[in-house]
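S.K.: Just so you know, the protein sequences line up as chains A and B, in that order.
Counting from 460, one number per residue, gives the positions in the first sequence under my numbering.
Counting from 460, one number per residue, gives the positions in the second sequence under my numbering.
Virtual Cβ for every residue (Gly too), placed ideally from N, Cα, C.
This is the structure I have questions about; it appears just below.
Protein chains: 2
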Amino acid sequence: MQLIGVLKSPYVRRTAISLQMLGVAFEHRSLSTFDNEDEYRAINPALKAPTLVCDDGTVMLDSSLILQYAEAALSLRSLWPDNPAGLQRDFALVSMAMAACDKAVQYIYEVYRRPESAQLDSWRERVVQQSQGAFTELERQLQQNPQAVASDECQLSVTAAVVWQFVWEYAGELLQPLQCPGLEALSRRMESHPVFRQFSLSP
Amino acid sequence: MQLIGVLKSPYVRRTAISLQMLGVAFEHRSLSTFDNEDEYRAINPALKAPTLVCDDGTVMLDSSLILQYAEAALSLRSLWPDNPAGLQRDFALVSMAMAACDKAVQYIYEVYRRPESAQLDSWRERVVQQSQGAFTELERQLQQNPQAVASDECQLSVTAAVVWQFVWEYAGELLQPLQCPGLEALSRRMESHPVFRQFSLSP
Numbered sequence: 460m461q462l463i464g465v466l467k468s469p470y471v472r473r474t475a476i477s478l479q480m481l482g483v484a485f486e487h488r489s490l491s492t493f494d495n496e497d498e499y500r501a502i503n504p505a506l507k508a509p510t511l512v513c514d515d516g517t518v519m520l521d522s523s524l525i526l527q528y529a530e531a532a533l534s535l536r537s538l539w540p541d542n543p544a545g546l547q548r549d550f551a552l553v554s555m556a557m558a559a560c561d562k563a564v565q566y567i568y569e570v571y572r573r574p575e576s577a578q579l580d581s582w583r584e585r586v587v588q589q590s591q592g593a594f595t596e597l598e599r600q601l602q603q604n605p606q607a608v609a610s611d612e613c614q615l616s617v618t619a620a621v622v623w624q625f626v627w628e629y630a631g632e633l634l635q636p637l638q639c640p641g642l643e644a645l646s647r648r649m650e651s652h653p654v655f656r657q658f659s660l661s662p
Numbered sequence: 460m461q462l463i464g465v466l467k468s469p470y471v472r473r474t475a476i477s478l479q480m481l482g483v484a485f486e487h488r489s490l491s492t493f494d495n496e497d498e499y500r501a502i503n504p505a506l507k508a509p510t511l512v513c514d515d516g517t518v519m520l521d522s523s524l525i526l527q528y529a530e531a532a533l534s535l536r537s538l539w540p541d542n543p544a545g546l547q548r549d550f551a552l553v554s555m556a557m558a559a560c561d562k563a564v565q566y567i568y569e570v571y572r573r574p575e576s577a578q579l580d581s582w583r584e585r586v587v588q589q590s591q592g593a594f595t596e597l598e599r600q601l602q603q604n605p606q607a608v609a610s611d612e613c614q615l616s617v618t619a620a621v622v623w624q625f626v627w628e629y630a631g632e633l634l635q636p637l638q639c640p641g642l643e644a645l646s647r648r649m650e651s652h653p654v655f656r657q658f659s660l661s662p
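The following block contains the structure:
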């Protein structure tokens with residue numbers, strides 16, 4: 460099985476780290492949907508990362524769907540809690556972290572991938588407010604529930620830490636106005652985990 | 460429990476229809492992240508649809524994560540196959556349908572939400588090619604596996620039909636150059652399903 464995409468994509472990185480923690484064997488191929496466009500499109504016509512190529516050639520995409528599939532069919536382990544209250548809390552917080560990430564990616568596309576003449580102030584302001592709103596809410600809830608990220612090998616710890624580090628690296632200006640000591644501490648802790656080091660953001 | 464968002468969002472619609480098919484009780488509140496921005500933001504600072512507000516006030520978002528949570532904690536049923544081969548096929552096809560949708564949404568944002576002066580031809584062409592590539596691949600696989608959508612109450616039938624109808628309605632120019640008789644027939648069949656009628660795209 461191959462996981463295709465560059466680790467600077469937080470969607471690729473959370474998938475690689477999660478699969479590794481789930482004990483699913485795979486080979487990581489670092490192809491970019493921008494820099495290796497033709498080669499990527501030949502594998503996946505949607506040109507989207509991450510792409511999982513199964514051993515029989517089946518192509519699957521979307522980090523959340525790949526990880527749901529992996530837990531349903533490829534692994535005996537799970538990175539989600541085993542009780543209703545924990546499930547509700549972690550799905551809420553992971554989805555908030557993903558929203559913070561999605562909106563930061565839209566900001567990065569707006570500001571760093573478009574010429575200034577084709578940028579739109581109102582859109583940039585909207586996605587900044589959305590991303591910062593989501594990070595602020597995530598931090599507030601982690602302050603109230605520090606035990607939610609007590610374990611390293613859980614989907615919430617992985618996703619929140621991957622997302623924070625990604626935004627810090629590529630759009631740090633989004634995070635600088637925020638006060639998020641909980642997310643900062645989680646990020647520092649998780650970046651020293653062997654699997655985070657194996658799939659490191661910095662080459 | 461409340462599901463918040465307008466049905467013209469394919470992410471809201473697939474969530475509403477799936478929850479209903481799963482037998483999960485909820486009230487649908489039709490608030491738009493654009494037209495009801497302040498009211499929406501007060502519920503969810505990430506300003507993203509769909510938003511599920513649980514009975515204890517917990518806020519969850521992202522259609523795939525909400526549905527994964529619903530199957531894990533709220534329902535005794537599942538809209539996914541119960542065997543490894545079926546799971547692999549359906550996760551591959553659902554993820555391709557979601558990619559076709561995501562890129563169509565990016566096209567709609569580019570062409571219908573930005574003034575012409577702030578549009579970027581190269582970006583529009585990229586997302587058109589991505590969406591059309593994903594729809595073409597989805598159709599090809601449905602031609603090879605028509606039995607994959609034999610059942611109405613499965614995640615693949617729901618998602619593929621919702622996505623097709625959404626793009627047809629709001630960006631039909633993306634689909635007109637394609638030959639997708641399998642998706643067209645699925646869409647016609649599913650739009651006559653009672654739950655699709657209950658959560659109809661046309662008011």
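(1) Taking only the alpha-carbon atoms, compute the straight-line gap between residue 643 of chain B and residue 623 of chain B and give it to the nearest angstrom.
(2) Could you round the C-beta distance between residue 505 of chain B and residue 592 of chain A to whole angstroms and report it? I think they count as a contact, below 8 Å.
(3) Any Cβ of chain B within less than 7 Å of the Cβ of residue 605 of chain A?
(4) Which one of B/553, B/513, B/594, B/541 has the shortest CA to CA distance from residue 484 of chain B?
(5) Using a Cβ-Cβ distance cut-off of 7 Å, determine whether residue 519 of chain A contacts chain B.
(6) Pull up the distance between the alpha-carbon of residue 579 of chain A and that of residue 577 of chain B, whole angstroms please.
(7) Tell me the rounded alpha-carbon separation between residue 542 of chain A and residue 606 of chain A.
(8) Does any C-beta atom of chain A lie closer than 7 Å to the C-beta of residue 569 of chain B?
(9) Among A/500, A/464, A/511, A/648, which has the Cα closest to the Cα of residue 489 of chain A?
(10) What is the rounded straight-line gap between the Cα of residue 660 of chain B and the Cα of residue 652 of chain B?
(11) When the cut-off is 7 Å and only beta carbons count, does residue 596 of chain A lie next to chain B?
(12) I need the boundaries of the beta strand (DSSP E) containing residue 518 of chain B, first residue and last residue.
(13) Does residue 492 of chain A come out as helix, strand or coil in the three-state DSSP assignment?
(14) Return the CA-CA distance between residue 481 of chain B and residue 649 of chain B, expressed in angstroms with no decimal places.
(15) If you measure between the beta carbons of residue 658 of chain B and residue 472 of chain B, is that distance less than 7 Å?
(16) Residue 589 of chain B lies in the alpha helix (DSSP H); which residues open and close that run?
(17) Sorry if obvious, but does the Cβ on residue 484 of chain B come closer than 6 Å to a heavy atom of the ligand COA?
(18) Which residues of the region 539 to 564 of chain A have a Cβ closer than 8 Å to any Cβ of chain B? Give them in chain order.
(19) Below 7 Å CB to CB, which residues in the same chain sit around residue 539 of chain A once its five sequence neighbours on both sides are set aside?
(20) Take every Cβ of the region 582 to 590 of chain B, pair it with every Cβ of the region 562 to 572 of chain B, and state whether three or more of those distances are shorter than 8 Å.
(21) Decide if residue 638 of chain B is buried, meaning its Cβ has at least 16 other Cβ atoms within 10 Å, or exposed.
(22) Report the neighbours of residue 528 of chain A on chain B: residues whose CB is nearer than 8 Å to its CB, in chain order.
(23) Quick check on DSSP: helix, strand or coil for residue 527 of chain A?
(24) Can you check whether the C-beta of residue 665 of chain B is within less than 7 Å of a C-beta belonging to chain A?
(25) Give the C-beta separation of residue 474 of chain A and residue 534 of chain A to the nearest angstrom, bearing in mind that I take them to be a contact with Cβ-Cβ under 8 Å.
(26) Drop a sphere of 10 angstroms on the beta-carbon of residue 619 of chain A, count the other beta-carbons inside from all chains shown, and report buried for 16 or more, exposed for fewer.
(27) What is the DSSP secondary structure of residue 462 of chain B, reduced to helix, strand or coil?
(28) Checking contacts by CB at 7 Å: is residue 532 of chain B closer than that to chain A?
(29) Counting only C-beta atoms, is residue 488 of chain B closer than 7 Å to chain A at any point?
(30) Please report the Cβ distance between residue 511 of chain A and residue 519 of chain A, rounded to the nearest whole angstrom; I am assuming they are in contact, meaning their Cβ atoms lie under 8 Å.
(31) Given a cut-off of 7 Å, decide if residue 551 of chain B and residue 594 of chain B are closer than it, judged by their beta-carbon atoms.
(32) Would residue 592 of chain A count as contacting chain B if we go by Cβ distances under 7 Å?
(33) Going by the beta-carbon positions, is the gap between residue 554 of chain A and residue 478 of chain B smaller than 7 Å?
(34) Can you find the residues in the same chain that come closer than 6 Å, C-beta to C-beta, to residue 586 of chain B, ignoring five residues on each side of it along the sequence?
(35) Beta-carbon within less than 7 Å of residue 664 of chain A's beta-carbon, same chain only, minus the 5 sequence neighbours each way: which residues are those?
M.R.: So, from the data block:
(1) Taking the straight line from one Cα to the other gives about 8 Å.
(2) About 6 Å separates the Cβ atoms of residue 505 of chain B and residue 592 of chain A, confirming a contact at the 8 Å cut-off.
(3) Cβ-Cβ to chain B under 7 Å: no for residue 605 of chain A.
(4) Of the candidates B/553, B/513, B/594, B/541, the one whose C-alpha sits nearest the C-alpha of residue 484 of chain B is B/513.
(5) It does; some Cβ of chain B falls within 7 Å.
(6) Taking C-alpha positions only, residue 579 of chain A is separated from residue 577 of chain B by approximately 6 Å.
(7) For residue 542 of chain A and residue 606 of chain A, the distance between alpha carbons rounds to 15 Å.
(8) Chain A, which has no Cβ nearer than 7 Å to the Cβ of residue 569 of chain B, makes this no.
(9) If we check each option's Cα against that of residue 489 of chain A, A/464 comes out closest.
(10) Between residue 660 of chain B and residue 652 of chain B, the C-alpha separation is close to 13 Å.
(11) Cβ-Cβ to chain B under 7 Å: yes for residue 596 of chain A.
(12) Residues 518 to 520.
(13) Three-state DSSP puts residue 492 of chain A in coil, outside helix and strand.
(14) Rounded to the nearest whole angstrom, the CA to CA distance from residue 481 of chain B to residue 649 of chain B is 16 Å.
(15) Their beta carbons are under 7 Å apart, which means residue 658 of chain B touches residue 472 of chain B by this criterion.
(16) Here the alpha helix (DSSP H) through residue 589 of chain B covers 580 to 603.
(17) You won't find the ligand COA in this model; it holds no ligand whatsoever.
(18) Residues of the region 539 to 564 of chain A with a Cβ closer than 8 Å to any Cβ of chain B, in chain order: 539, 543, 546, 547, 548, 550, 551, 553, 554, 555, 557, 558, 559, 561, 562.
(19) Correct list, in chain order: 546, 549, 614.
(20) The region 582 to 590 of chain B, when compared against the region 562 to 572 of chain B, does touch it at the 8 Å Cβ threshold.
(21) Exposed, because fewer than 16 other Cβ atoms sit within 10 Å of the Cβ of residue 638 of chain B.
(22) Taking the beta carbon of residue 528 of chain A as reference, the chain B residues within 8 Å of it are 546, 547, 550, listed in sequence order.
(23) DSSP places residue 527 of chain A in helix when its eight states are reduced to three.
(24) Because chain B in this structure spans residues 460 to 662, residue 665 of chain B falls outside the shown range and cannot be described.
(25) Rounded, the Cβ-Cβ distance is 13 Å, inconsistent with contact.
(26) Looking at its Cβ environment, which holds 16 or more other Cβ atoms inside 10 Å, residue 619 of chain A is buried.
(27) Residue 462 of chain B: strand per DSSP, three-state reduction.
(28) Proximity of residue 532 of chain B to chain A, defined by a Cβ-Cβ separation below 7 Å, is satisfied.
(29) It does not: the Cβ of residue 488 of chain B has no partner Cβ on chain A nearer than 7 Å.
(30) 4 Å between Cβ atoms; contact.
(31) No.
(32) With its beta carbon less than 7 Å from one in chain B, residue 592 of chain A belongs to the interface.
(33) Residue 554 of chain A is not a Cβ neighbour of residue 478 of chain B, given a cutoff of 7 Å.
(34) The beta carbon of residue 586 of chain B is closer than 6 Å to those of 562, 565, 566 in its chain, skipping five residues each way along the sequence.
(35) Residue coverage of chain A in this structure runs from 460 to 662, which leaves residue 664 of chain A outside it and unanswerable.
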